[in-house]
Structure formats: C-alpha cells, structure tokens
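In the UniProt record's numbering, the protein residues as written are 5 to 867.
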Amino acid sequence: PQRKYRSDYQASIYLIDRVSLDFDIRDGSTRVTARHSVRRNPQLIGTGGRWWLDGRDLRLVSIAVDDEPVADGALEVSETGLWLNGLPDRFTLTVVTEIDPDRNLSLEGLYRSDDMLCTQCEATGFSRITYFPDRPDVMSRYTTRVEADAERYPVLLSNGNCIESGAAGEGRHYAVYEDPFAKPCYLFALVAGDLGVIRDTFTTTSGREVALALYTEHGNEDQCHHAMASLKDAMAWDEATYGLEYDLDSFVIVAVGSFNMGAMENKSLNIFNTACIFAHQDTATDSDFARVRDVVAHEYFHNYTGNRVTCRDWFQLSLKEGLTVYREHQFAIDHGSPGVTRIEQVRMIRDVQFPEDAGPRAHPVRPESYVEMNNFYTITVYEKGAELIRMMAQMAGREAFTKAVKHYLDKHDGQAVTIEDFVLAIEESTGLDLAQFRHWYAFAGTPRLRVSSRFADGRLSLELAQATPATPGQENKPNFDIPVSVALFDDAGQVVRAPEIVRLIEQRETFVFDGLAAEPTVSVLRGLTAPVRLEFDQPDDALVRLMAHDSDPVSRWDAAQSLYMATLKAAVTAHQNDEPMPALGEGMMTAVAALLADPPDDRALLAEMLTVPSATQIGEAFDAIDVAAVEAARRYVKREIAARFEAELERLADAHAPSGGYVFDQVAAGRRRVFATALDYLACLDTPAIRKRAQAVYDAADNMTDRMAALNALQDLPGEEREATRADFAERFADQPLVMDKWLRLQAATEDGDTAARVRDLLADDRFDFTNPNRVRALVGGFVRGNPLGFHRADRAGYALVADEILRLDAINPQLAAALAGLLAPWRRYAEPYAGGMREALARVGEADLSDNTREIVDAGLG
Ligand code: HT7
Ligand code: ZN
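Following this line, the structure appears as structure tokens:
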C-alpha cells in the first residue's frame, strides 16, 4: 500500500468548473455518463498535458476528450485510476462507466441499502462512481440527471434544486438537479428509492422559506419527527449564534439502514444512518434522542464549516470536523444541562481519546501521513480537534471567538483551505498569539500536567509543569501552550479567587495568588480547559469540599471521580495481590452520603456524580490493564456502596420512579437517569425484591429508557426475570432492527461462562446481518466493549472470535473491518495473559491478504 504525506501536497494540474452526471439505473448495472468542463490550473504555470483521475471497481465503457475517443497511447488505466496524456489547456472530458451498486458491499460510492440506492462519497467514494480527481480541492458546479424505474424508485434525489423531472418511457422516469454552489466531489449525493417522507418548512431571518424533507423507508415516518424538530432547532441556533443563514431553498435528509458511520453532510442532501434519525419513545432511549439531536445539528452545521469552506486535502480533516464538533458541543450545551453535557464530553476525551493518543495509532490532530484516509476519522481528529477549538475560544472569549469564526468563513468562502488558514484567521481577528499553540495540531500525545501548591504568609504558589510522552514516530515533544483555569475556595465553599485562565507556556511555571486569609482549596483545569492528564495530589477533605461546593458542576463531578478512584485503585491492587478488598475510603463515603442527603437540583448531575469511574478509566490509571482485577474492583466498590446506602438508594429510586407521560426534556431525562442509577446499584445486592422490581419496571414501562434501565439492572442476575424480560423484548421488537441491536448488545454484554459461543450463535442467527454495520457494531463491538470478562477469557476464544470476524468482514467492508482491528491493536496496554492473547489474534489477522485499511491498523498494532 502507498503512504501519502502531507508535505507532498501539490495543487491539481487541471480544474473542473462544471460537472454533468447522468445516472441510468438498471437492474444489475448503472451506467454513469460524466461530462466535465476542464481547464488548466492558472496557478501552475508550465505544467500540464498529463492528468491523473482516480477510479476503483469501475468498468470503463468509453473516454473522450472534446468528443474524440482518447487514443490507447494517451491512456494508462490501472486498478486505482488512470492517466490521461497529451491534454490541451481547456477541454470537455466525457467518461462513461458502469457500476453495480447491488454488489457493492463496501458502502462507499453508489450502493444498495435495503430497497434503496444511495451514495457515500467522503472521503474517496466518488472514485467508485466515475474516474475523477477525487480530492477536496477540486470544486465544481454539478448538474445531475437520474433515470430509473418509476415503480421501484419513485423518489429520485440529488444535491441542489430539482430543475426538471418527468416520464422517460417504458415505465421509467427521471429528475434533473442543479447545485448552484461549487463543491468537492465528496459532497456529491444521490438517492433513489420508494420512500416515505415527512415535510416541514423553516423561515430564515431574512424571510426566505426553506422546504425541509426527511425521507425514510415507508412505515418509519413516525420515528422522524424528533429529527425534523432538531433540524429546525439547529437552523435557528446557527442564525442566532453565528448569524449563519441556510443558503438554498430546500434541505433534505434521507435515513438509510446500512451506513458505515453516523451521517454525511452532502450539500442540501444529508444522508443519515437510521440510528441517528429514528427517535420514538417506544424504541429510543433518552441518549438516543440526544444523539439524534446532536448529529442532525452537526451535519447541518457543516453547511458552512465544511461545505462553504472545505478542506484543501484530507490531512486537514479536523479543519471541518474539529470546528463542527465544537459547534455541535456548544449547541448541545445550550440544549441540555450544561454541566452534564460537558461531563459527557470530558468523559469521551478521557475514556477514548486519551487511550488512542497513548496507543499504537496515536497521531496528531493534523496527521502527517496515512495509507487509508478512512482510518483517520478518529476521536483524535474529531474530539481532540474540537478541544483545540475550545481552547482558542476560551483564550479569546466566546464573543470574540464567534466573531473570529465569522471572519474565517467570510475570508475563505467558497475555498478549500488548511488548518493553518484557520489559525491565521483566528489570530487576525482576535489578536491572540497562537505560535506555540500550533504545536497542538502537529504533535500527538496527551501532555501530563503536574500541579503542586504551597501556601505561606497569605500567598499561594501554584507550580504547573508539563511533559508529553513519546508517540509512534515522535520521540521528542515541544512545550504546549496550555490554558489552565484556576479558582480558589475557602473552607465554607465561598469563592476567594474567581475562576481565571492562566497559560502554561514554559515547561514549568509558578503562578502566585496573594492576599489570602487562609489556605484555600484549589480547583484547577476546571471543566478540562485543555486535553491534558492532570496529576495533582489533593487530600480527601479538599476533594470533598470541591465536590460539595465548587461553582463548576464539572469540577464537582471530577472531585467525586478522584475520590472513587482512590478506593478503586486500592481494590485493584488488593485483587492482584490476593489480599482482602480494602474498606471504602472515608472521603468517598462522606461524599456519597452528602450527595444522597443533599442532592443537586440537576438530577442528571446527581446521576453522574453517583456513578463510579468506568472500567476504562480505572484501567487507564495503571501501566498495564489487569482486566479481571479492574472488573472485580468496580463490582466490589459498587456493591459496597449499595450495601452501605441501600435505604437511601431505595428512597432515591422511589422518588424518581417512572410515572408515565414520557417527554424528552432535561428535567424528565435527568429523573430517569437517577432512577436507572439507583436501580443499577440496588441490583448489585441481588435480592428477590430488586429482581421483581426490575421486572415490574420493564412490564410497566411506557418508554425505551425505562425498559433499558430494567434490562441493564438484570444484566448480571441470571434467572426467571432476566429470561422473561429479554424474551418479551425480542418478540415485541422483532421487526425493529435498531431495537434488536440493543438486544444483540445485551446478549453480547452478558458474561455467563460462554458468551463467545453465544455470540457465535448470534452471528449465525437470522436476526443478524453481517453486511449491516449497525448489526456488526452491536454484536461484535458490544461484545468487546461491553463484556470485558467474556472478550478477555483465558482460553482466548473471545480474541479468536473477533479475529475471525475481522477476516470475514475485510473481504466485503474494509472500513468496518479496520475499525474492528482497532480493538485488538492496543494489546500493549494490557497485562499478561491478555496482551499475549490479543497480540496472537492480531498477528493471525496480519498473516492474511488484507485490504489497505485493515493492513494499516494491523501493522501499526504489531509494529
Ligand atoms: N463527514 C462525515 C464523515 C463520514 C464518513 C467518512 C468516511 C466514510 C464514511 C463516512 N460517512 C460519514 C460525517 C461527519 O463527521 O459529519
Ligand atoms: Zn462532521
């Protein structure tokens, strides 16, 4: 496989002003006739004549320059594209190709999802449709004609406005779309199918009416109203927050069942995974509702940050994704509990991004090289990228930063640009000096921020020091520019220094706070002002005070996490040394008691603060992850808390018990979350009463959130109640694939001695479809992530199962196979015998003839 380097960038020798595409959809084959008006790139003087067009899995029918067939000598065709030689400065290129969407299981290019045909072109799927310079810096205006059987495909869609449609004879029909905005080919989209639709309208600030439509397979329309409401919300929010008004007369979303990721922001024709559109109280949980709202907003926000201003090349992916995730995060914070929304973001960074940044696949937010671009749609590019934007926003102030983003969008409207262009625009507008800040984009790895404090004579000296571990290919790291928020509190919880941001620029710096009456409690890195690992040994009593009084809910939660973590770590060590489990920490018990006696009004915050750190978080605290010890410690601590606070948890559950009348809003969802948390604790005690209660909750539930709370509580309680509720669930939702994904996840996450065998049975079950990524993620992903003991079994059956599935999948959907391979790749982080078992499985995968996607991940893991 060929590795591509950021430093090798060269502008395209030819540009395409207009693209005209004609899709003739027939059974067994689709003929694509593409006509392009091409001209030499005026910026590149003295080059030309020879031009590379990407193309994969295409049958080339004909190719002509100015309507003259290209002579054999002027054409070199290979598996990945073709060279054209002897080209004039301006010409019309006509390319006719044939493709077969029915046999395209990669879910890139034009493919079938159930009864409809749809496209996915980002990052390089357009080259599976026709020969084309499949790179984002070639921006063109598209006209698209689609013709198909009228009965089978009554709905024909593409980007932009429908300018013509009608009958085409022999029971066929056609539609022509014109997109007035120049765009890169990765934003091209086409859909053909027999679809149901819900419609609405949105009137922009300047009074333009935008027609909104959301298409889905018939029968699912009632699950789409929340997505439609979210879209309107996002449109209004972008106007109110950034002054960005939608720029076309129609905006269409299509929900498809088979999709490799969550959604795609194609110009005016977004295509979504049904999992990110469908939301009905009977079938979707509160978190599903929130996810739908946020992904709909995210894709809509791309219309400016991504579509109007796009990326010059794929190394710049975070230019659009980091910024759009940041905007999505702001939107989510404005639509829910701000504290809890930020907590969820922080958890994601710590639980998923930090491990990626410490593993074999660590890469900068702006990568330097890649083999397969699809492998770089990572948590680092997306979420760490968003954190970098957030840091700049904090340094500039939110208002100044919003203005700076507008400046960037105005300056580069209609262009394909770089992260450097973005940072420059922010500097120009805000006056910030971001010279050292740029290292965040160029260097991988999570900096460690070591904090120590000294107090004497009314003066607090806070010493901050940074160090960043080596990552693959980057031995030495420079100092980062780290914004650290600091606030000081007295013993009664009163603020003695309001929160402020200090910037750590050097390796080590001391910040002094004078005029203090007594030694204050220090609160640092509040709400994670920078994506760093904080090392700050605070005594329990300081943490208990912060947990009770800090003005920032995220810091209160963080203090609680530190208290839990101290006991959890002691329990891990005790298990490893075959010693009795330690008594629960004093500080932790005081904190939980205080929380239950005087809970915060924000019920979702209460639930978060009552939840002990995840297994991933606990594992992260050790040099080598001991899966069994981590599981034992987490179970032990939860059970002890439940035993000590049983009565309080019962009361909490009673006070938040389901009362019917489902609405999805912050207060109601917060109450459901507290109920689920209390039930989960009580289930650790495994009493007949709690089993009965969980079953009763399941039976009476009027919504999926409560149903799942009951099923989760019964997860580790084999017996009548668990069997009955699961059987009912499977039967009740048999015709709802997305709900059956929840059922698959439950099965995969249940450790009962031989989960691996059960997962293998499910892989062969009719309810499982190997070609659908949602099913694979639910069953195989659910097994690896949701069932640590089953996946890491001593007989290595869990690893073998995953290796087998990677190999099977790689032949049909390399993008998904590579994602699964990523689950075995970080084997070095584990203790023995886990590390050896994972490595062995990965090595077995590596012996096969693999796609470039999977090969890149496996080699990084073994390297
Ligand atoms: N920009 C979109 C990324 C995406 C994607 C990438 C590769 C392969 C398939 C894909 N589907 C969607 C989604 C987003 O981040 O907004
Ligand atoms: Zn995105």
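The beta carbon of each residue, even a glycine, is placed where N, CA and C say it ideally should be.
None of these values were measured; they are calculated from a predicted model.
- With respect to the C-alpha of Phe441, the residue from Met396, Ala713, His416 and Lys481 having the closest C-alpha is Met396.
- Contact check for Ala829 and Ile861: beta-carbon distance about 6 Å, within the 8 Å limit, so the pair qualifies.
- In the DSSP assignment, Gly786 falls outside any beta strand (DSSP E) and within the unbroken alpha helix (DSSP H) covering Gly786 to Gly790.
- Counting the other CB atoms within 10 Å of its CB gives Thr533 a total of 16 or more, which places it among the buried residues.
- Excluding five sequence positions before and after Gly623, the CB atoms of its chain that fall closer than 6 Å to its own CB belong to Ile629 and Val634, given in chain order.
- Taking C-alpha positions only, Arg354 is separated from Val558 by approximately 14 Å.
- In the three-state reduction of the DSSP assignment, Phe206 falls in the strand class.
- The beta carbon of Gln751 is closer than 7 Å to those of Arg762 and Leu766 in its chain, skipping five residues each way along the sequence.
- Taken atom to atom, the span from the alpha-carbon of Ile257 to that of Asn270 is near 9 Å.
- A direct Cα-Cα distance of roughly 37 Å separates Phe795 from Gly223.
- Contact check for Phe335 and Ala301: beta-carbon distance about 5 Å, within the 8 Å limit, so the pair qualifies.
- Remark: C-beta atoms of Leu57 and Phe136 approach each other more closely than 8 Å.
- If you compare the alpha carbons of Gly113, Leu413 and Glu836 with that of Glu126, the shortest gap goes to Gly113.
- In this structure, DSSP gives Leu86 an extended state, which the three-state scheme calls strand.
- With contacts defined by Cβ atoms closer than 8 Å, Glu348 and Thr384 do not form a contacting pair.
- Proximity to ligand 2 was defined by a C-beta distance below 5 Å to any of its heavy atoms, and the residues meeting it, in sequence along the chain, are Glu325 and Thr328.
- Annotation: Ser433 to Pro184 spans about 30 Å, alpha carbon to alpha carbon.
- Taking C-alpha positions only, Tyr308 is separated from Val409 by approximately 11 Å.
- Excluding its 5 nearest sequence neighbours in each direction, Ser210 has C-beta neighbours in its own chain below 8 Å: Glu249, listed in chain order.
- In this structure, Ala267 lies away from Ala231, with their beta-carbon atoms at least 8 Å apart.
- Taking a C-beta distance under 8 Å as the contact criterion, Asp141 and Ser11 do not qualify as a contact pair.
- A distance below 6 Å between beta-carbons, with the five flanking residues on each side excluded, links Leu609 to the following residues of its chain, in chain order: Gly343, Val344 and Pro557.
- Taking 7 Å as the cut-off, one finds no heavy atom of ligand 1 near enough to the beta carbon of Tyr330.
- In the pairwise beta carbon analysis, the segment 154-166 is classified as touching the segment 181-201: at least three pairs are separated by under 8 Å.
- Each of Ala233, Lys407 and Gln14 was checked against the Cα of Arg139, and the nearest Cα belongs to Gln14.
- Excluding five sequence positions before and after Ala469, the CB atoms of its chain that fall closer than 7 Å to its own CB belong to Arg454, Gln511 and Arg512, given in chain order.
- Exclusion of the five residues before and after Ala446 leaves Pro368 as the residues of its chain whose Cβ lies within less than 6 Å of its Cβ.
- A residue is called buried when at least 16 other Cβ atoms come within 10 angstroms of its Cβ; Asp461 does not meet this threshold and is exposed.
- The Cβ atoms of Gln320 and Ile423 sit closer than 8 Å to each other.
- About 6 Å separates the Cβ atoms of Ala698 and Glu725, confirming a contact at the 8 Å cut-off.
- For Thr577, the enclosing alpha helix (DSSP H) stretches over residues Pro557 to Gln580.
- Here Arg859 has Pro5 as same chain residues with Cβ atoms under 7 Å from its own Cβ, once five neighbours each way along the sequence are excluded.
- For Pro792, the closest of Phe255, Ala768, Lys642 and Leu827 by C-alpha to C-alpha distance is Leu827.
- The Cβ atoms of Leu689 and Glu650 lie closer than 8 Å to each other.
- Shown here, Lys271 sits in coil according to DSSP, grouped into three states, outside any helix or strand.
- Distance from the Cα of Asp856 is smallest, within the candidate group Ala238, Met143, Ser117 and Leu811, for Leu811.
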